[in-house]
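Novice: The structure's right below; bear with me while I get my questions together.
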Amino acid sequence: MRDFAQDHRWLSINTATVRKQHGVEQSLPDILEACAQRGIRAVSPWRDQVAAAGLDNISRLVKTHGLELSGYCRGGMFPAVDAAGVRAAADDNRRAVDEACALNAACLVLVVGGLPGALTGKALHKDIARSRSQVHDGIAALLEYAKANHMPLAIEPLHPMYAADRACINTLEHALDVCDALDPASTGALGVAVDVYHVWWDPKLQAQIARAGKERLLAFHVCDWLTPTTDLLNDRGMMGDGVIDIPKIRDWVEAQGFAGYSEVEIFSTSNWWQRGSGEVLDTCIARHKTVV
Ligand code: ZN
1314 MRDFAQDHRW LSINTATVRK QHGVEQSLPD ILEACAQRGI RAVSPWRDQV AAAGLDNISR
1374 LVKTHGLELS GYCRGGMFPA VDAAGVRAAA DDNRRAVDEA CALNAACLVL VVGGLPGALT
1434 GKALHKDIAR SRSQVHDGIA ALLEYAKANH MPLAIEPLHP MYAADRACIN TLEHALDVCD
1494 ALDPASTGAL GVAVDVYHVW WDPKLQAQIA RAGKERLLAF HVCDWLTPTT DLLNDRGMMG
1554 DGVIDIPKIR DWVEAQGFAG YSEVEIFSTS NWWQRGSGEV LDTCIARHKT VV
């Protein structure tokens, strides 16, 4: 396993980690500058923040600061109740691939979606199998486009508590089943994002990481699982403050040959978003060296 104790060469910051300090939206250009000032080499930005600042502008800033993108957040949200909705999702996902290419991202992360309508408060049906089928078909179609544009797609299995509203792929095993069905040769065009927050509890985790292998391990996300967790979405912990044995999981991932960034992704309304972004980034660097 790589030694992270000496420096933070392999630290990436998912920009959501520092986007809402004291409840105020931080601009992506400011976040990029704060990262660059600290010698952070990679980020993973969100589409809405890129759109707000302008794709060309962000593309230029990324180059100016010498940053890489460990991933681009995010594509997915495939399920819909009708053909028009499915088409709209497909169109939007192709645009996400285009943006990821413009920013030279390592991969486009897919949060695949759950029951249509659930995210905005009212699920329009209860047929999760139908959603999973639409996800399968949506990824299949997008994969053709992504391959033609040389942009790897990383399916991120989300913790089962998000099955209704955010992602109906909830285990690494399920994500890899989709990969095997759509990319049986394991070409590197389709793989997974392993986020310790979502998968740490899984008794099959080590075996499924081994099954994924180097070709399918496209991204590695870290934060921590707090006890108690007070919010299902926005109470993620800083690495070292919770119950996840992060070095053990990193060891499993790197044993397969993964040599990319360790991306910090923390949504934290009541703690880390209540601090200055400088303090948060400095803490990420310190914890990256000691507990990741
Ligand atoms: Zn993640």
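The sequence shown begins at 1314 in our numbering and counts up by one. Ideal Cβ placement from N, Cα and C applies to all residues, glycine included. Keep in mind the model is a prediction, meaning the values are calculated, not measured.
What span of residues does the beta strand (DSSP E) with Val1448 cover, start to end?
Specialist: That residue, Val1448, is in no beta strand (DSSP E); its alpha helix (DSSP H) goes 1441 to 1461.
Novice: Between Gly1553 and Val1509, which are expected to be in contact by the criterion C-beta below 8 Å, what is the C-beta distance as a whole number of angstroms?
Specialist: With 8 Å as the limit, Gly1553 and Val1509 do not qualify as a contact, their Cβ atoms being about 12 Å apart.
Novice: By alpha-carbon positions, which one of Gly1352, Tyr1385, Leu1437 ends up nearest to Trp1359?
Specialist: Per the C-alpha coordinates, the member of Gly1352, Tyr1385, Leu1437 positioned closest to Trp1359 is Tyr1385.
Novice: Would you call the CB atoms of Met1390 and Val1337 closer than 8 Å?
Specialist: no
Novice: CA-CA distance, Val1410 and Cys1597?
Specialist: 29 Å
Novice: Can you find the residues in the same chain that come closer than 8 Å, C-beta to C-beta, to Pro1465, ignoring five residues on each side of it along the sequence?
Specialist: Ala1419, Cys1420, Leu1421, Ala1459, Gly1501, Ala1502, Leu1503, Gly1504, Leu1531
Novice: State yes or no: is the C-beta of Gly1430 within less than 8 Å of the C-beta of Leu1437?
Specialist: yes
Novice: As a quick exercise: from Ala1403, Ala1349, Ala1393, pick the residue whose alpha carbon is nearest that of Leu1432.
Specialist: Ala1393
Novice: Closer than 7 Å to a non-hydrogen atom of ligand 1 - does that hold for the CB of Ala1506?
Specialist: Ala1506: yes, Cβ under 7 Å from ligand 1.
Novice: Using DSSP's beta-bridge definition, name the partner residues of His1534.
Specialist: Asp1508, Glu1576
Novice: Report the rounded CA-to-CA distance for Pro1608 versus Asp1395, giving the unit in angstroms.
Specialist: Since the displayed the chain opens at 1314 and closes at 1605, residue 1608 lies outside it and no answer follows.
Novice: Shorter than 7 Å, the distance from the beta carbon of Glu1469 to the closest heavy atom of ligand 1, or not?
Specialist: yes
Novice: Pop quiz: Ser1575 and Ile1344 are said to be a contact at Cβ under 8 Å. What is the actual Cβ separation, rounded to whole angstroms?
Specialist: Actually they do not touch by this definition, with Cβ atoms about 18 Å apart.
Novice: Are the beta-carbon atoms of Leu1489 and Arg1524 separated by less than 8 Å?
Specialist: Yes, these two residues count as a Cβ contact at 8 Å.
Novice: Would you decide whether Met1314 is buried or exposed? Buried here means 16 or more other CB atoms lie within 10 Å of its CB.
Specialist: exposed
Novice: Is His1534 near ligand 1, judged by its Cβ being under 7 Å from some heavy atom?
Specialist: yes
Novice: Just to check, is the beta-carbon of Glu1578 closer than 7 Å to a non-hydrogen atom of ligand 1?
Specialist: yes
Novice: Can you grab the Cα-Cα spacing for the pair Asp1405 / Val1577, in whole Å?
Specialist: 26 Å
Novice: Spatial neighbours of Ala1477 within its chain, please: CB distance less than 7 Å, with the 5 preceding and 5 following residues excluded, ordered by chain position.
Specialist: Gly1427, Leu1428, Ala1431, Ala1436
Novice: Do Thr1484 and Asp1515 have their beta-carbon atoms positioned less than 8 Å apart in this structure?
Specialist: yes
Novice: Quick one: measure Cβ to Cβ for Leu1380 and Val1356, integer angstroms, because I've assumed they're closer than 8 Å.
Specialist: 6 Å
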